[in-house]
Amino acid sequence: MSSLAAAKADNFYFPKDFDPDKHGSLNKYHGQHALRDRARKLKTEGILVIRFEVPFHIWCSKCGEKIAKGERFNADKKGIGFYHSTRIWQFSMRHHCGCIITIQSDPKRAEYIVVEGAKKKVEEYTAKDAEVMELADDEEKERLAKDPLYRLEQGEASRKRARSAAERVADLLDDADAKHADPYAANRRLRAQMRVVRKVEEGLEKERKALRLPEEIALLPGSEEDKVAASLAFYAHEGAHGAALHKDTSRKHIMSQSIFSQSAPTAKKPPGLPAPPPAQPPVRAVPAITPASNNTHSSHSHSHSHSNQGQGASGRSGGHAGGT
């Protein structure tokens, strides 16, 4: 954009036929409002287009979407009346679903109210929960003005609350004075804490550089739960990867064998697989020896002696036959 075009865009360019006494301002010379297109309905309908922020959480009545507090819309601002001398303003905006949401100010209660197109999120809380002072409403003010005994009771309750608040403030001041009574000791404690934090941060920075991570990634102090979770994830990944590798290698080995081989091929270890453990020799069960009874032992000895006598007799007869 040239300098002349920029000057015209910023409304700083004065034409040659511009006369301040006659025209007064550049806006009157061009016949336009100072707010330009935002004030196109100002003269006819009294509407000014502004950027409006939603003062509280609401739900759209058409699509049911939640509109968060602080979300901005282009709204038509229009005055619709007065509360005493305070102007009541109405803001109309269009949601992306096409629903027209209308919100207006309520000077009597010092808040905004939803007129149509949405529903306000109800957030109820007490002044005690919010830790703020509870203001008297109209009925309370009227009762205080008409009932002197009630006004006396409320005055005494207010004085008690004031004394309690004063005691709490005094305790807070005493605590602050005790903490800051010795600036050197307080500074020493803070510097000791900072040294511990700095050492932890330096260790994490060295670990980040060792892992070659970018500077945008900040490491946090580790814990035992992190170590256990990381080890479980690592071993699970390794086990799944090893099983898949074993399956692929075995399939390739089987596909490489010939189907016309007569004799069973000797099993070879596929490449890339660990060697199988050596086969252990079979273990034979040895029957347990039970002690024999006396009768069994005597009969066994008797039969053993008979067999020895028979062997001796056969030996003698054999020797006699050989002599003859």
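When you line the sequence shown up against my numbering, it's residues 408 to 731, in that order. Ideal placement from N, C-alpha and C gives every residue a C-beta, glycine not left out.
Anticipated Cβ contact below 8 Å, W466 with K528, distance rounded: 7 Å
Range covered by the alpha helix (DSSP H) that runs through L455: Segment L455 to E460 is the beta strand (DSSP E) holding L455; no alpha helix (DSSP H) there.
Exposure of I666, with buried meaning 16 or more beta-carbon neighbours within 10 Å: exposed
Short Cβ contact (8 Å threshold) for R445 with V461: no
CA-to-CA distance, I508 to H502, given in whole angstroms: 7 Å
Same chain, Cβ closer than 8 Å to L627, five either side skipped, listed in chain order: L611
Residues near E614 by beta carbon distance below 8 Å, same chain, minus five either side: L626
Beta strand (DSSP E) segments (min. 3 residues) lying fully within the segment 489-532: 493-501, 507-513, 518-523 and 525-527
Nearest neighbour of G453, chosen from R570, Q497, A572 and H464 [CA to CA]: Q497
Given 8 Å, three or more beta-carbon pairs between the segment 521-537 and the segment 468-485: yes
Cutoff 8 Å; reference C506; Cβ partners in own chain excluding five residues on either side: C467, S468, K469, C470, G524 and A525
S663 classed as buried or exposed, judged by whether at least 16 other C-beta atoms fall within 10 angstroms: exposed
Length of the line joining the Cα atoms of P459 and Y436: First, the residue type needs correcting, since residue 459 is Phe and not Pro in the sequence shown. If you take the alpha carbons of F459 and Y436, they lie about 31 Å apart.
Alpha-carbon spacing of A564 relative to V607, whole angstroms: 53 Å
Three-pair Cβ contact test at 8 Å for the segment 507-522 versus the segment 531-539: no
Closest Cα partner of K515 within the set E574, Y490 and R602: Y490
Inter-residue spacing [alpha-carbon to alpha-carbon] between P555 and E546: 15 Å
Selection from G488, H464 and D483 that minimises the alpha carbon distance to L449: D483
Nearest-angstrom beta carbon gap, K586 and F593 [assumed within contact, 8 Å]: It should be pointed out that residue 593 corresponds to Ala in this sequence rather than to Phe. Their Cβ separation, rounded to whole angstroms, is 7 Å, which keeps A593 and K586 in contact under 8 Å.
L611, DSSP secondary structure in three states: helix
Residues of its chain near V522, where Cβ-Cβ distance is below 8 Å and the 5 sequence neighbours each way are ignored: Q497, T509, I510 and Q511
Residue from L559, A573, Y519 and C504 whose Cα sits closest to the Cα of I495: Y519
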